[in-house]
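Take a look at the structure below.
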Amino acid sequence: MSADVTERPTTAPPAGKEPGARAAAKPGRGKEIFAAVWPKVAAVVIVLAIWQLLYTSGWKPDYRFASPADTFERLVFVATGNGPFNFWMGVQNTVMRGVQGFLLSLVIGTALGIAVSQWKPLRNAIGAMITGLQTMPSIVWFPFAILIFGLDSAAIYFVILMGAIPSIANGIISGIDDVPPAYLRAGHMLGARGWRRYRYVVIPAALPSYVSGLSQGWAFAWRGLLAGEIIVSIPEVPALGTQLNQAATNGQSSNLLALMIVILILGMLASFVFSSLANSIRARRGLTGFTASR
Amino acid sequence: MSTVSSSSLANSTATASTPQERTDRGVAVDIRGVSKVFGSGAEEVVALSDVDLQIAAGEFVCLLGASGCGKSTLLNLVAGLDKPTSGTVDTHGKRIAFMFQEATLFPWLTLAQNVDLALRLNGMAKADRKPRVEQLLEKVRLGGRGHRRPHELSGGMRQRGALARVLAQDADIVLMDEPFAALDAMTRDAMHDEIESLWSELGLTVMFVTHNVREAARLSDRTVLMESGPGRVKQIYPVHLPRPRHLDDPHLTEQAAHMTDELKTEVARHVR
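Protein chains in written order, with numbering that gives the first Met the number 0: chain W, 0 to 293; chain Y, 0 to 271.
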């Protein structure tokens with residue numbers, strides 16, 4: 000019925016999936032891993048070197064600025080359950096608070112973002128306020144939170160919510176605002192109306208921006224959480240922020256730095272999860288390869 | 000508006016429907032006195048003015064005209080994507096599918112999932128969808144490529160995927176807004192064969208917007224030439240040529256040349 004026209008896909012499938020794929024053009028797996036790992040290793044080595052140099056210079060006494068060796072020795076010591084505090088219980092409580100606060104922020108922020116993007120009076124009323132709230136440092140909320148909730152976990156959760164919700168809401172608002180009209184028209188013609196419009200077109204199309212908002216929301220939640228645990232110390236609930244505060248108060252520099260490294264690692268793990276999610280979404284949509292951030 | 004007789008151009012073995020046959024089949028799209036105005040005051044733009052057009056069920060009609068003459072606006076009104084400022088558009092409750100100029104396959108879904116979504120939104124049960132998706136992809140010669148994502152397909156494949164999604168809607172009326180404008184000549188030829196074959200097999204009513212006179216002569220039962228500023232129907236050309244048609248057919252070339260003269264005049268007027 001039709002002319003036999005051979006059309007070539009615009010993007011080649013991954014090597015090995017199509018006959019004739021040029022495997023030789025692809026660098027080896029070992030080289031790929033090396034290329035990804037060496038800058039990170041180099042950065043860690045540079046930081047450790049600067050740290051050791053500062054320590055060796057005698058810039059501050061040991062109890063105020065511990066050496067890398069003392070810090071890592073202390074890290075192993077507390078991680079094996081030998082420290083002055085319950086390290087793993089602290090990690091668990093802090094992470095659980097972060098996850099719970101973030102999930103609650105996700106639900107509220109998403110609902111708020113969708114409502115604001117769809118209802119013009121609401122956007123006029125609080126659209127600018129949401130952006131304004133995003134710029135407020137989380138520490139600013141603590142006096143108010145302590146006044147309302149007292150020195151309690153509720154005060155910490157309150158600050159997490161106030162930090163994360165605006166970022167998540169803004170992520171979904173800008174994602175929905177930027178949905179290409181062509182997709183909306185196509186969805187409309189396919190019968191995606193009412194809630195189905197959101198389920199099948201709007202939310203999937205807005206997903207990259209939404210994930211970016213989630214990532215930013217997590218960053219704000221994490222910062223608010225640690226600040227909260229330092230300020231709102233609840234002795235019966237061991238937590239990383241509380242332990243950090245105690246280490247500083249007791250002049251235990253190696254403990255302090257070990258805890259800071261743990262906090263950094265947890266933050267990097269969360270960042271890795273979000274960036275992997277964002278990269279996976281971009282790759283599935285063909286938004287990788289020749290991009291502005293090569 | 001006037002209707003040009005094409006009897007002198009028609010081949011004696013023409014198989015396109017006659018006006019009488021079209022009347023017998025009933026009107027699928029009834030556009031009466033339609034005007035569309037965008038903006039207001041000093042920024043008011045009259046996109047369409049007093050457009051009357053009736054399209055019979057099973058008819059293939061091309062809308063031809065210079066850029067900005069309101070072809071796409073008219074298609075949007077028929078699709079229900081926009082409302083006329085005055086006049087009526089009646090599609091008698093028939094189901095409408097739309098194939099856009101740009102590939103609007105959703106990039107977050109594979110090709111098969113895109114077609115599946117159309118079936119799902121059309122209310123088809125899950126168990127019936129998978130074989131139907133495969134059948135539709137086979138129909139547009141994309142069998143075995145359902146797992147690909149839109150960015151992994153060529154322009155022609157993407158438009159054939161969009162065509163499969165249109166067919167999945169099981170629509171009576173198919174609106175096509177320059178769907179092949181971005182394709183190379185050979186792929187476009189193949190798509191012409193494809194769309195003509197599907198139109199004939201499924202008895203679709205097609206409204207097809209194009210800038211390309213030969214494409215209009217190649218595909219249509221009637222070509223509606225629109226004038227701009229404001230957009231309205233200038234002339235309607237019946238195309239009584241046998242099907243399947245070929246672009247190198249001298250009768251088609253003659254018909255296209257006739258329409259080209261009018262279009263050139265219209266474009267020149269628009270540019271001035």
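From the three backbone atoms N, C-alpha and C, an ideal C-beta is built for every residue, glycine too.
Please classify residue i: is it buried, with 16 or more other beta-carbons within 10 angstroms of its beta-carbon, or exposed?
i                : result
Trp217 (chain W) : buried
Val139 (chain W) : exposed
Ala282 (chain W) : exposed
Leu262 (chain Y) : buried
Asn75 (chain Y)  : buried
Trp118 (chain W) : exposed
Thr134 (chain W) : exposed
Tyr62 (chain W)  : exposed
His245 (chain Y) : exposed
Arg21 (chain W)  : A caution first: Arg21 (chain W) carries a pLDDT of 48, below 50, which makes its placement in the model unreliable, though a value can still be read off. With fewer than 16 Cβ atoms within 10 Å of its Cβ, Arg21 (chain W) is classed as exposed.
Pro207 (chain W) : buried
Thr103 (chain Y) : buried
Asn81 (chain W)  : exposed
Arg21 (chain Y)  : Residue confidence for Arg21 (chain Y) is low, a pLDDT of 49 falling below 50, so the modelled location carries little weight; the figure read from the coordinates is stated next. Arg21 (chain Y) comes out buried.
Leu95 (chain Y)  : The sequence as given places Ile at residue 95 (chain Y); Leu does not occur at that position. So Ile95 (chain Y) counts as buried.
Lys233 (chain Y) : buried
Gln51 (chain W)  : exposed
Val44 (chain W)  : exposed
Glu58 (chain Y)  : buried
Ile49 (chain W)  : exposed
His91 (chain Y)  : exposed
Gly145 (chain Y) : buried
Pro60 (chain W)  : exposed
Leu47 (chain W)  : exposed
Arg268 (chain Y) : exposed
Arg198 (chain W) : exposed
Ser275 (chain W) : exposed
Leu258 (chain W) : buried
By DSSP's criteria, residue i is part of a beta bridge. Which residues make up the other side?
i                : result
Leu62 (chain Y)  : Y:Val208 and Y:Val223
Gln245 (chain W) : According to DSSP, which records beta bridges pairwise, Gln245 (chain W) is partnered with nothing at all.
Val173 (chain Y) : Y:Ala96 and Y:Val205
Val44 (chain Y)  : Y:Phe37
Asp29 (chain Y)  : Y:Gln53 and Y:Asp89
Gly230 (chain Y) : Y:Leu47
Rounded to a whole number of angstroms, what is the C-alpha to C-alpha distance between residue i and residue j?
i                : j                : result
Pro234 (chain W) : Thr241 (chain W) : 8 Å
Ile310 (chain W) : Ile175 (chain W) : It is not possible to answer for residue 310 (chain W), since the shown part of chain W is limited to 0 through 293.
Asp29 (chain Y)  : Ser227 (chain Y) : 21 Å
Pro237 (chain W) : Ala78 (chain W)  : 14 Å
Val173 (chain Y) : Glu253 (chain Y) : 28 Å
Arg28 (chain W)  : Gly97 (chain W)  : 36 Å
Ser56 (chain W)  : Ile260 (chain W) : 22 Å
Arg242 (chain Y) : Ser199 (chain Y) : 10 Å
Ala111 (chain Y) : Ala117 (chain Y) : 10 Å
Val223 (chain Y) : Arg196 (chain W) : 34 Å
Leu213 (chain W) : Leu132 (chain W) : 16 Å
Asn278 (chain W) : Thr248 (chain W) : 42 Å
Ala191 (chain W) : Pro165 (chain W) : 28 Å
So residue i contacts chain C; which residues on that side make the cut at Cβ distance below 9 Å?
i                : result
Trp107 (chain Y) : Among the protein chains in the structure shown, which are W and Y, there is no chain C.
Task: Contact list for the stretch 187 to 208 of chain W against chain Y, Cβ threshold 8 Å - done: Listed in sequence order: His187, Met188, Leu189, Gly190, Ala191, Arg195, Tyr199, Val200, Pro203, Ala204 and Leu206.
Task: Whole runs of the alpha helix (DSSP H) within the stretch 26 to 86 of chain W, excluding any shorter than 4 residues - done: Qualifying alpha helix (DSSP H) stretches, in chain order: 28 to 55 and 67 to 78.
- [ ] Go through the stretch 219 to 277 of chain W residue by residue and report every complete run of the alpha helix (DSSP H) that reaches 4 residues or more, in order.
- [x] Taken in chain order, the complete alpha helix (DSSP H) segments of 4 or more residues contained in the stretch 219 to 277 of chain W are 239 to 248.
TODO: Check distances from the C-beta atoms of the stretch 163 to 182 of chain W to those of chain Y and list, in chain order, the residues that come in under 7 Å.
DONE: Within the stretch 163 to 182 of chain W, the residues whose Cβ lies closer than 7 Å to some Cβ of chain Y are Ala181 and Tyr182, listed in chain order.
Task: Inside the stretch 80 to 131 of chain Y only - beta strand (DSSP E) runs reaching at least 3 residues - done: DSSP runs (the beta strand (DSSP E)) wholly in the stretch 80 to 131 of chain Y: 85 to 89 and 95 to 98.
TODO: Write down every uninterrupted run of the beta strand (DSSP E) in the stretch 154 to 203 of chain W whose length is 3 residues or greater and which is fully enclosed by it, in chain order.
DONE: With a minimum length of 3 residues, no continuous beta strand (DSSP E) run stays inside the stretch 154 to 203 of chain W.
Open item on the list: Give me the subset of the stretch 50 to 84 of chain Y whose CB atoms are less than 9 Å from a CB atom of chain W, sorted by chain position.
Closed with: So the close ones are Asn75, Ala78, Gly79 and Leu80.
Task: chain W contacts from the stretch 118 to 129 of chain Y (Cβ-Cβ distance under 9 Å) - done: If you check each beta-carbon in the stretch 118 to 129 of chain Y against every beta-carbon of chain W, the ones closer than 9 Å belong to Arg119, Leu120, Asn121 and Gly122.
- [ ] Taking a Cβ distance cut-off of 8 Å, strictly less, list which residues of the stretch 140 to 170 of chain Y are near chain W, in chain order.
- [x] Result list: Arg140, Arg147, Arg148, Pro149, His150, Glu151, Leu152, Ser153, Gly154, Gly155, Met156, Arg164 and Gln168.
TODO: Entirely within the stretch 87 to 155 of chain W and at least 3 residues each: give me those beta strand (DSSP E) ranges in chain order.
DONE: Taking only runs of at least 3 residues, no beta strand (DSSP E) segment lies wholly in the stretch 87 to 155 of chain W.
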